[in-house]
Every structure is written in C-alpha cells, then in structure tokens.
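These notes are about the structure you will find just below.
There are 2 protein chains.
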Amino acid sequence: MTTNRQIIFKSRPEGWVTLDNFDIREAAMPDVGDGDVLVRAIYMSLDPYMRGRMDAAKSYAAGFQIGEPLQARVIGRVAASRNADYPEGALVFGTLDWADVTLVPGGKGLKKIDPAAADVPLTWHLGALGMPGMTAWVGLGFTDPKPGDTLFVSAASGAVGQIVGQIGRLRGCRVVGTAGTDAKVAYLTDDLGFDAAFNYRAAGDDVLGALQAAAPDGIDIYFDNVGGPILEAALDAANRFARFVECGMISQYNLTREETPGIRNMTHVVRKAIRMQGFIVSDHADRRAEFDAEMIDWLKAGKIKYRIDVAEGLDAAPAAFIAMLKGENFGKQVVRISAED
Amino acid sequence: MTTNRQIIFKSRPEGWVTLDNFDIREAAMPDVGDGDVLVRAIYMSLDPYMRGRMDAAKSYAAGFQIGEPLQARVIGRVAASRNADYPEGALVFGTLDWADVTLVPGGKGLKKIDPAAADVPLTWHLGALGMPGMTAWVGLGFTDPKPGDTLFVSAASGAVGQIVGQIGRLRGCRVVGTAGTDAKVAYLTDDLGFDAAFNYRAAGDDVLGALQAAAPDGIDIYFDNVGGPILEAALDAANRFARFVECGMISQYNLTREETPGIRNMTHVVRKAIRMQGFIVSDHADRRAEFDAEMIDWLKAGKIKYRIDVAEGLDAAPAAFIAMLKGENFGKQVVRISAED
Numbered sequence: 032m033t034t035n036r037q038i039i040f041k042s043r044p045e046g047w048v049t050l051d052n053f054d055i056r057e058a059a060m061p062d063v064g065d066g067d068v069l070v071r072a073i074y075m076s077l078d079p080y081m082r083g084r085m086d087a088a089k090s091y092a093a094g095f096q097i098g099e100p101l102q103a104r105v106i107g108r109v110a111a112s113r114n115a116d117y118p119e120g121a122l123v124f125g126t127l128d129w130a131d132v133t134l135v136p137g138g139k140g141l142k143k144i145d146p147a148a149a150d151v152p153l154t155w156h157l158g159a160l161g162m163p164g165m166t167a168w169v170g171l172g173f174t175d176p177k178p179g180d181t182l183f184v185s186a187a188s189g190a191v192g193q194i195v196g197q198i199g200r201l202r203g204c205r206v207v208g209t210a211g212t213d214a215k216v217a218y219l220t221d222d223l224g225f226d227a228a229f230n231y232r233a234a235g236d237d238v239l240g241a242l243q244a245a246a247p248d249g250i251d252i253y254f255d256n257v258g259g260p261i262l263e264a265a266l267d268a269a270n271r272f273a274r275f276v277e278c279g280m281i282s283q284y285n286l287t288r289e290e291t292p293g294i295r296n297m298t299h300v301v302r303k304a305i306r307m308q309g310f311i312v313s314d315h316a317d318r319r320a321e322f323d324a325e326m327i328d329w330l331k332a333g334k335i336k337y338r339i340d341v342a343e344g345l346d347a348a349p350a351a352f353i354a355m356l357k358g359e360n361f362g363k364q365v366v367r368i369s370a371e372d
Numbered sequence: 032m033t034t035n036r037q038i039i040f041k042s043r044p045e046g047w048v049t050l051d052n053f054d055i056r057e058a059a060m061p062d063v064g065d066g067d068v069l070v071r072a073i074y075m076s077l078d079p080y081m082r083g084r085m086d087a088a089k090s091y092a093a094g095f096q097i098g099e100p101l102q103a104r105v106i107g108r109v110a111a112s113r114n115a116d117y118p119e120g121a122l123v124f125g126t127l128d129w130a131d132v133t134l135v136p137g138g139k140g141l142k143k144i145d146p147a148a149a150d151v152p153l154t155w156h157l158g159a160l161g162m163p164g165m166t167a168w169v170g171l172g173f174t175d176p177k178p179g180d181t182l183f184v185s186a187a188s189g190a191v192g193q194i195v196g197q198i199g200r201l202r203g204c205r206v207v208g209t210a211g212t213d214a215k216v217a218y219l220t221d222d223l224g225f226d227a228a229f230n231y232r233a234a235g236d237d238v239l240g241a242l243q244a245a246a247p248d249g250i251d252i253y254f255d256n257v258g259g260p261i262l263e264a265a266l267d268a269a270n271r272f273a274r275f276v277e278c279g280m281i282s283q284y285n286l287t288r289e290e291t292p293g294i295r296n297m298t299h300v301v302r303k304a305i306r307m308q309g310f311i312v313s314d315h316a317d318r319r320a321e322f323d324a325e326m327i328d329w330l331k332a333g334k335i336k337y338r339i340d341v342a343e344g345l346d347a348a349p350a351a352f353i354a355m356l357k358g359e360n361f362g363k364q365v366v367r368i369s370a371e372d
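Here it is in structure tokens:
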C-alpha cells in the first residue's frame, strides 16, 4: 500500500442513511512516531448503534465528525510499530477508522487478541465474544430468566439476537424469535434451536397474531432490539410481571419524532406490572471477565453458534451499513478489509 | 332507612364515562342471616383504577357487572350484625357497593378500623393510610430515591401524588410536581412543600419546556400517574439511569387504542438506560405492616398532609367519578354517604 483509503463522513443523514452521506478519500500513509502503532484493518464491525453517532443530537456514543473518517470496532494486525507493547504482526482490536490503516498514537485504546483464547473464528471477537455477545449476556441478565419462562427476541438472527436466543435456551427458557425473512426464521429454528419463530414482515398488520401463535402462553421476557410495532405486540402478549430489556430500537433510528409510530399500549406496563430496563453495554465493562469466562466455555463446548454476514472490501462498507439498517443483512455484519494473514 | 339506594352499572362506557352509564335503584333492606354483617356506608373512595373495571377487557381488578351495583372501598359502621367479630356500631372498611348499605355474608373481607391508631381524620383511612398512601409508598420504593435526586410527580395534587411528593421530600429529593390548575400548583408549593410545580394545561404544547424550567438539572425519578404527553416529556427530560415508576395512566383510560397518542421517544429508555417499573399495589399486600408503621409515624409527627375532595351524598357519586377522571377534583376524591356518627 502506498496510500490509505478512508471512508469519510460527508454529510449528516436526514432520515434514512444514503450513499451520499459517505465519501472515499485516498490519504497519504501516516508517519509512525515514537510510541505510535499503525494498524492494518482486517475485519470491521458494522452495528446499529453507529446510526446514532451520525446525528448531531447527542447519542450515548460520541458523534462522528463531518469531514473525518467514520469509526468502528476493528480487528487488525500491527503493520508498523514504534511501541514495544504492540509489536509488528500482532493481532489487535480497537475503535479505528473506516480505512485500510489507522495510526494509533501511543497505541491508546488498543487491545491485543490471543486467538488461542477461545478456539473460534477471528470475526467472533467482533461478535459472540465481542460487544454484541456481551450485550446479549448483560441484557438478558436484567430479566432474571428462569427455566420455563417464554423469552421473545426481536431481530433474532442479528448480531445480538442470535446470542440472546441461545443463552435463553441454555438458561432453560422457551425461546421465540422474530426476523424479517423466511430464511432467517428457518435459521432460528433449524440451526439455533429456537422453539418457535415467525416472519414479522409476512405477518403484516397482525404481528400480535403471529406472536400469539408462536407463544400461546404469553411472554415472560422480551429482549427488544427494534422498538415500534413489535414492542407494541410484545406489550399486548406479555404476561403479568414480564421483564422487558430495551437494547435497541432499530425500527425508529431513521425516523423523526413526527414519523415515529408511538407506543399506544403503555397502560400494560401498569396493569401487568411490567419492568422495562434500558441499558448500554459500555456501562457494564466491569463484568467483562465474568462474561468472557462463561461465553468461552459455551463456545468451546459448541453450545453457541454464530452467523456472520461478510461484506467484501472497504468500498462495500457504506452500502453494507445501509443494508444492515434495513435488516437486509443475515447474521452479524462485518466488512473484510484485508486478508487475515 | 326502609329502602337501600344502590348505584347500578347500567352500561359499559365507550370512551368517556357519562351519567348514562349509571342508574339508581331502590332495593329492599337485606335480611341479615347467621354470620352476616350489614354495613352502613359513611365514606366511599373513588379512584381512577375503577375506570378499568368498567371495561369488558380484563383489567387487573375484577370487572363490574352490568345490572349490579358498582363497588368501591368504603368506610362504614356496622348497622346490624349476626357476627360476633363485627358488633353493631363497629367502624369497618371493605370493598362494598355504591349504596347506603351492603350486606356482607359472613363478614368476609371486612376489616375493623381503630380510629385511635393514627389520630387522623376517618377519611384518611381511604387516603394517606389507605390504598393511595400505600401505592405512593410502595411505588416510590421501586425508584431507590436518594438525597439530591430530582423527583417528578404527575397528578401531583391527586390521591397518590400528594403523598409521593411528601415522601420524596422526606427522602431528601428535590420534588417537582405538575397539576392541571393554578390553584393545585399553588397548593403543591405553598402547602405541601414541593420545590417547584407547573400547570401542564397552561403549558399547552410545551409541557417539556415547563418541565425543564421547573427541573433545570433534569429528572432522576418520574412517578407517573398519567401516561401520554407528560410521560413523553419526562422521557425527554430524564437523566441517564433515571427510574420511572408506572403507577397509572389516567390520560389514556378513556381513549381507544386508535385515539391514544403513542409514546414516540422510547429510544430514550435505551440511550439513557432508564428503568420503568409498573406495579399494582395489591401485589404488595405483604408490606402493609411496614407501610403502616412508617406512615403512622409521619402522620403523628405532622410530616404528611392530605387534602380530600368530598362529594356530598350517594347521588353525587357518578358525577364525582366522571369529574375525577377529567381531573376536576382537588385532592383525593371521596363521597360522604352518611354522617360519621
């Protein structure tokens, strides 16, 4: 490489993100100063929370800056180093640019990856063992899952949902998922062991009917990744003392307040004595070791599977991000920027 | 009395309750059989939850039956008894008919009142020491109030809200209330010691602006009695890790799903890591003794005040109930059906 391709945040989206919000720039390869680490990106993670960083309004993550590269969780290899902690060739993880390479001054924020730690594909460090896996594990913990509880998961074949459902099964729950294509629904029941699943798009205006058919005894736990009409249906189908964990509301991220279909049946929260808990996984970083221990055991025992959706090449990242916001990905979305070796 | 007036549930309301939903009937005085207790009503409590009992759809309380007397929490005096546990003249409390008298077979469900227990007006057994007081105490307990927290209360001069605010002050919170008239707002700050209050009706479309002016540092706790647009404003004004307790949603009880203004900013629950807890006080009856002990101490020490709104005479009950649902009462609504002695 003689130049470094970077995907630039060109303009803020109003509503849906479009390709016009991105630009690509060929920058000079950066100089590596004393203590600095230059990382060549291998896999980059695309996640729904990044949509919030595109808004001028403050999100829980710091906002992207117009004219600068976007950033994402990246697994890469040290390409050049003047920092003994991160020798050339080491596998590292960090929040880096959407780019071929990122210069990390002083190696700040980088974490070394030991690929032997949990005999899993490298990409899983962005998935089951990464932020999505920990999100599933922390979030489900808020709901006190008990054997026999019916657990409902939305965006169930997505980065977080896949893990939620499988942990739910390991905790003894009856697990019901929803996703937006028949292929995803088949994956949930045939490959991941969900007890039931349905296609919410095929259900049209009767999401509640489809949910009730899949969960005839009602739901005790709802792991919400989408908000909107599916949240309304979950409130309708909830049993008394149901626990809702509010992890994400991807159906609403591209809508203005005026466009958002409001939740009209919040009275169920009172009448059914429902608890709703919102959370951001980064507030729970102190539980990392506990999560790693349990998840690595599950992975080594083959108890958790994980599907990824790989977009090929840095150029493909903007379109892959837009597709993910529309639910067109199948599994956790990553971008392969360069070869593993 | 030679006959017993009863208010009958004539027809189910569709939307707002009207006087046409009620009828009055003159029934014969009931015979008192072995073990039975005949109670003459003194004060009857009118509470928002009763609206839910008028719907055919199941509420958390058993539904009212068309053609039968409505029921309410009543303080009365034993008028005739063939039950040694409830001698004639004893003050009792029970869920009785909207009527001059109710026959209680076997005295079932009646509770004797010791008016000396907490040197307070008799009506307070329907208020500060009754279901509304315990609702306030139990509900606020879910929010872990800490000194310095900003606590926001809606329907703040109502049966539950008055107590919530005063307990909040006793717990060291900064307390902000909202109510629907200037007189109620003045009562909150001048008589009950709220730190700030505002008239949500006067705020019109800018409830959020009025709330932010009253709570410039945001809110840490929201005690929700109303749902709807004030809940939306509370979500907007909430600080990270805010705790919402969902006690009631009176703004929505008379609306169909289609008429209900939905909550469009639930993404704050995720982004601000908000916890919302719905509850029904009757699920927490095991905490009665603990509540009584703390509340009686506060009442005896003059630390809790309580305003009631008395409608005079059984005939006035339907109109008083309708007015309460519209927020036209000022303080906890009761009906005086007969004299205390």
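As you go down the protein sequences, you meet chains R and B in turn.
Counting in this note's numbering, the first sequence runs from 32 upward without gaps.
Counting in this note's numbering, the second sequence runs from 32 upward without gaps.
Positions of the beta carbon are idealized from the N, C-alpha and C atoms, including for glycine.
The C-alpha of Asp-54(B) is placed about 47 angstroms away from the C-alpha of Gly-203(B). Nearest to Asn-114(R) by alpha-carbon distance, out of Asp-236(R), Lys-139(R), Leu-182(R) and Asp-180(R), is Lys-139(R). When DSSP states are grouped into helix, strand and coil, Arg-202(R) belongs to the coil group. Its Cα nearest to that of Phe-254(B), the residue Phe-310(B) stands out among Ala-245(B), Met-162(B) and Phe-310(B). A residue is called buried once 16 or more other Cβ atoms fall within 10 Å of its Cβ, and Arg-36(B) is buried on that count. Look at the segment 298-316 of chain R: the residues with a C-beta under 9 angstroms from a C-beta of chain B are Thr-298, His-299, Val-300, Val-301, Arg-302, Lys-303, Ala-304, Ile-305, Arg-306, Met-307, Gln-308, Gly-309, Phe-310, Ile-311 and Asp-314. In the structure shown, the three-state DSSP call for Ile-97(B) is coil. The shortest CA-to-CA distance from Ala-269(R) to any of Leu-242(R), Tyr-284(R) and Ala-93(R) is the one to Leu-242(R). Around the beta carbon of Leu-122(B), 16 or more other beta carbons lie within 10 angstroms, which makes this residue buried.
Gly-208(B) sits close to Val-184(B), with the two beta carbons spaced by under 8 angstroms. In terms of Cβ geometry, Lys-142(R) and Leu-223(R) do not form a close pair [threshold 8 angstroms].
Close to Ile-294(B), with beta-carbon spacing below 7 angstroms, are these residues of chain R in chain order: Gly-293, Ile-294 and Met-297. Residue pairing by DSSP places Ile-261(R) in no beta bridge whatsoever.
In the displayed model, Glu-57(R) falls within a strand according to three-state DSSP. Between the alpha carbons of Pro-118(R) and Ala-110(R) lies a gap of roughly 9 angstroms. Taking 8 angstroms as the upper bound on Cβ-Cβ separation, chain B lies near residues Gly-258 of the segment 228-259 of chain R. Short of 6 angstroms from the beta carbon of Ala-245(B), and not among the five residues preceding or following it, lie these beta carbons of its own chain, in chain order: Val-207, Ala-227 and Phe-229.
About 6 angstroms separates the beta carbon of Tyr-218(R) from that of Ser-188(R), a gap short enough to meet the 8 angstroms contact definition.
Chain R places no beta carbon closer than 8 angstroms to that of Glu-343(B), leaving this residue out of the contacts. Burial of Gln-283(B) is indicated by the presence of at least 16 other C-beta atoms within 10 angstroms of its C-beta. In this structure, the CA atom of Gly-199(R) is about 42 angstroms from the CA atom of Arg-43(B). The three-state secondary structure of Glu-45(B), taken from DSSP, is coil. Rounded to whole angstroms, Asp-65(B) and Tyr-74(B) show a C-alpha spacing of 26 angstroms. In this structure, the straight-line span from the alpha carbon of Asp-62(B) to that of Val-366(B) is close to 26 angstroms. In the DSSP annotation of this structure, the continuous segment of the alpha helix (DSSP H) that includes Leu-330(R) starts and ends at 319-331. Contact of Cys-204(R) with chain B is not assigned, every C-beta pair being separated by 8 angstroms or more. Contact between the segment 263-278 of chain B and the segment 256-267 of chain R is absent: fewer than three C-beta pairs spanning the two stretches fall below 8 angstroms.
In the DSSP assignment, Met-75(R) falls within the unbroken beta strand (DSSP E) covering 68-76. The beta carbon of Arg-288(B) sits closer than 8 angstroms to some beta carbon of chain R.
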